[in-house]
Structure formats: C-alpha cells, structure tokens
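One structure is given below, encoded as structure tokens.
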Amino acid sequence: MDQALDNRLDKRLDNKATGRTLVLFGATFVLAVLASPVFVLYELLLGAFGLVATGLLTRGREGTKARAATVVFAGLLAGSLPYLVAAPFVS
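Numbered according to the working numbering, the sequence shown spans residues 1347 to 1437.
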C-alpha cells in the first residue's frame, strides 16, 4: 500500500517538474529568439559552452539547480538556431 502511494506521488512530482522545465525552456527560447537578431552569435556561444559546462560540472549530482541551468543554456542555444538556419537564404 505504501509503495503504491509512493509511486503515485513520485509520478505526480515528476510531471510537475517536467511542466516547470518545459515552461522554463519555452520562456528562455522565446526571449532568445526575440534577442537573436542582435545577439545571435553570443547566444550561440554562451548556449553551447554553458550546456557543455553544466553537463561536465553536474555529472555526479542531479538537482533542480543543475536541471534549471541546463534548460536555460539549451533554450539559449535553441533560440539562436532559427537565425543561423535562415542566414544563408537571406543574404
């Protein structure tokens, strides 16, 4: 009985964390896309280096701060990609 309750509680907490992660990624992505015409190369470099750094620094420990940092850097990187893909066709 206790195990079933623990499993349901864990799943609910995981769904809540997944929702927050998606919202954080979406907000970071939208802000990066809006700022990208001016800062596209800086966002690309910051996103790539930040993603690698958070991956290396948080290999041993998993936590909400590590996940949030990874999501923010992934959002920055993803927000700069649409402009890099469209650049050859515009110029």
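We treat Cβ as the ideally placed atom computed from N, Cα and C, and that holds for glycine.
Predicted model only: the values in this text are computed from it and were never measured.
Cβ-based burial, residue i [other Cβ within 10 Å; buried from 16]
i, result
"PHE1375", "buried"
"VAL1384", "exposed"
"THR1400", "buried"
Residues near residue i in its chain [Cβ-Cβ closer than 7 Å; skip 5 each side]
i, result
"LEU1392", "LEU1422"
"SER1426", "ALA1378, SER1382, VAL1386, GLU1389, LEU1390 and GLY1393"
"ALA1363", "none"
Whole-Å CB distance - residue i paired with residue j, under 8 Å assumed
i, j, result
"THR1404", "ALA1412", "4 Å"
Short Cβ contact (7 Å threshold) for residue i with residue j
i, j, result
"LEU1397", "ALA1420", "yes"
"THR1367", "VAL1431", "no"
Beta-carbon proximity list for residue i, same chain, < 8 Å, skipping 5 on both sides
i, result
"ALA1373", "GLY1421"
"PRO1428", "VAL1379 and SER1382"
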